[in-house]
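Here the sequence shown is numbered in the numbering used here, starting from 9 and rising by one per residue. Cβ coordinates follow ideal geometry from the N, Cα and C atoms, glycine included. As the structure is a prediction and not an experimental result, all values here were calculated from the model. Each remark here refers to the structure printed beneath this line.
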Amino acid sequence: MRYALATWAPSPNYTHRRSGTAIDLVVIHHTDGQERSDRAVAHLRNAEADKSVSAHFLIGQAGDVYQLVDTDDTAWHCSGWNKRSVGIEHVARTPGELSHDDPGLPLTAAQLQASAKLVAWLLHELKLPIEAVVPHCSSPTTTHKDCGKDAADGGIWPRADYLGMVTAELA
Ligand SMILES: [Zn+2]
Numbered sequence: 009m010r011y012a013l014a015t016w017a018p019s020p021n022y023t024h025r026r027s028g029t030a031i032d033l034v035v036i037h038h039t040d041g042q043e044r045s046d047r048a049v050a051h052l053r054n055a056e057a058d059k060s061v062s063a064h065f066l067i068g069q070a071g072d073v074y075q076l077v078d079t080d081d082t083a084w085h086c087s088g089w090n091k092r093s094v095g096i097e098h099v100a101r102t103p104g105e106l107s108h109d110d111p112g113l114p115l116t117a118a119q120l121q122a123s124a125k126l127v128a129w130l131l132h133e134l135k136l137p138i139e140a141v142v143p144h145c146s147s148p149t150t151t152h153k154d155c156g157k158d159a160a161d162g163g164i165w166p167r168a169d170y171l172g173m174v175t176a177e178l179a
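Next comes the structure, spelled out in structure tokens:
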């Protein structure tokens with residue numbers, strides 16, 4: 009599937025289809041990098057072997073939405089869960105990520121709203137419950153321990169508020 013409200017920016021970093029695996033997760037990420045979405049999109053379209061990563065979607069700080077991989081195909085964003093999931097990156101950064109005095113880059117209201125709208129669309133189209141929305145840090149094999157981490161656990165994600173926004177979009 010392709011999302012009508014996204015800019016289509018195809019990445020070569022994907023595996024064709026899903027080997028028959030059903031999608032049962034929507035995995036939430038943040039980039040922990042710089043703030044420009046065009047640079048983040050370019051990174052996810054880089055086919056250099058040692059840098060080949062991708063997500064199905066990326067959402068910038070202004071709420072700008074890009075789709076890099078069709079949801080029918082497997083993106084490379086969450087080792088172990090790729091076949092069963094849709095991955096969404098958000099341009100945002102945990103404080104201290106770049107240097108000890110890095111203030112970080114918080115998620116914005118426009119970004120969270122655009123994300124909630126996209127996730128509501130995915131849950132509706134894929135017939136999944138809201139429990140399917142999980143942060144990358146909840147994967148047992150992740151090396152990115154901050155990714156999608158709840159503010160209540162010291163991360164940058166307002167998880168309860170965000171899921172509330174998704175629920176509102178579903179209604
Ligand atoms: Zn991640």
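- In this structure, DSSP gives A83 an extended state, which the three-state scheme calls strand.
- Residues close to ligand 1 by the beta carbon criterion (under 5 Å to any non-hydrogen atom) are, from first to last along the chain, H37, H144, H152, C155.
- Counting the other Cβ atoms within 10 Å of the Cβ of H24 gives fewer than 16, which makes it exposed.
- In the DSSP assignment, G68 falls outside any beta strand (DSSP E) and carries neither an H nor an E.
- Looking at the backbone, the Cα of D169 and that of L66 are separated by about 20 Å.
- A Cβ-Cβ distance of about 5 Å is found for the pair C86 and V35, placing them in contact under the 8 Å criterion.
- Residues of the same chain with a CB within less than 7 Å of the CB of H37, apart from the 5 flanking positions on each side, are A63, H85, G95, I96, E97, H98, H144, C155, G156 in chain order.
- Per DSSP, S93 is not a residue of any alpha helix (DSSP H); the beta strand (DSSP E) it occupies stretches across 93-98.
- Where Q119 is concerned, the enclosing alpha helix (DSSP H) starts and stops at 117-134.
- Counted as a single uninterrupted DSSP element, the stretch harbouring V77 is not any beta strand (DSSP E), since DSSP gives it neither H nor E.
- V61 carries a coil assignment under DSSP once its states are collapsed to helix, strand and coil.
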